[in-house]
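Numbering (our numbering), first residue to last: 3 to 349. Positions of the beta carbon are idealized from the N, C-alpha and C atoms, including for glycine.
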């Protein structure tokens, strides 16, 4: 029984992750074909794309009224993103050139909303209203970042417009070149149809995968006689964070680590605001005392430690990675010990 459920869980999780990859990649290609702003593509698809497995699995868990899986997935993924992914990444190689924007905008935003989810959990529930506030905050944050980029793009366009006007009075060659580029830029209908089909098919597989994933996760918890939140924080959270871990390790090996911290922090912001908000809108999320007084505060402490390391030198070094990873391992050990040996504390 337990072996069968574990196989179903692993296969459905793999399908979920792969379907998410196809969905995001195809959406990005479609946006490029339609000439949508590269920054809008990047920010929205990175923000939503990196959290898509968490979003789909948590929203599905809402329909099963599985609060333990939802909050475990959200908080567990955030802790895994910092402790596991950034920990391993900075051990493999120093993460250099971390932009100050990552600390002052993304970092402090993550810290603020981490404290906010703790405040919301004090009454042992994240209500639909609080979920709505999270979703609105995510929308506002996304709009704010895009607005800043639009002003930056307009500023950068000034010298380009100047050069373009000068060229108009000099030669007509540029006009001919522009005409050729316009012809090349015509939207290929076949490509659009192809990407739309991939998006639809991957969306279907996303839906099918979670229809097996969540029941199997619940059955594993029942078979082992452990709370759902253990499955949420360990199997589900680590599983849905695997794509980020693979990308992070690959980025470090290729020396493309300058955007890694910002991407991870952005993913954590999306997990709380988008995933948590959408899940609570469907069904209020019940928070038990252990989650309220240990798991959420631990995620806040880990975020503070990460931000203090960033602020010190604007980089993450090997010894800092070892400390972060060690804290994550201690957290997992503490999680198992607390959940298995303190049945009376959970009320």
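Range of the contiguous alpha helix (DSSP H) that encloses residue i
i: residue 313; result: 298-315
i: residue 217; result: 191-226
i: residue 59; result: 54-65
i: residue 230; result: 230-233
i: residue 76; result: 69-81
i: residue 111; result: 110-122
i: residue 264; result: 262-272
Inter-residue CB distance, residue i and residue j (contact presumed, cutoff 8 Å)
i: residue 109; j: residue 309; result: 5 Å
i: residue 287; j: residue 128; result: 4 Å
i: residue 101; j: residue 264; result: 7 Å
i: residue 73; j: residue 289; result: 6 Å
i: residue 60; j: residue 281; result: 5 Å
i: residue 269; j: residue 21; result: The pair is not a contact, with the Cβ atoms about 18 Å apart (cut-off 8 Å).
i: residue 57; j: residue 195; result: Actually they are not in contact, since the Cβ atoms of residue 57 and residue 195 sit about 26 Å apart, beyond 8 Å.
i: residue 215; j: residue 18; result: 6 Å
i: residue 225; j: residue 7; result: 7 Å
Within-8 Å CB hit, residue i to chain C
i: residue 237; result: The displayed structure is made up of one protein chain only, and chain C is not part of it.
Residue i (DSSP reduced to helix, strand or coil)
i: residue 288; result: strand
i: residue 36; result: coil
i: residue 187; result: Its pLDDT being 49, under 50, residue 187 is placed unreliably in this model, and the coordinates cannot settle the point.
i: residue 21; result: helix
i: residue 41; result: Reliability of the predicted coordinates at residue 41 is poor, the pLDDT of 46 falling under 50, and no value is obtained from them.
i: residue 242; result: helix
For residue i, the residue or residues it bridges with in DSSP
i: residue 97; result: 318
i: residue 128; result: 287
Sub-8 Å separation of residue i and residue j beta-carbons
i: residue 242; j: residue 75; result: yes
i: residue 222; j: residue 233; result: yes
i: residue 334; j: residue 116; result: no
i: residue 92; j: residue 318; result: yes
i: residue 62; j: residue 212; result: yes
i: residue 85; j: residue 326; result: yes
i: residue 11; j: residue 250; result: no
i: residue 230; j: residue 71; result: yes
i: residue 87; j: residue 297; result: no
i: residue 275; j: residue 137; result: yes
i: residue 112; j: residue 267; result: yes
i: residue 311; j: residue 81; result: no
i: residue 89; j: residue 330; result: yes
i: residue 25; j: residue 201; result: yes
i: residue 83; j: residue 322; result: no
i: residue 36; j: residue 130; result: no
i: residue 28; j: residue 204; result: yes
Near the ligand ATP: residue i beta-carbon under 7 Å from a heavy atom
i: residue 311; result: Judged by which ligands are present, the structure shown has none, so any question about the ligand ATP falls away.
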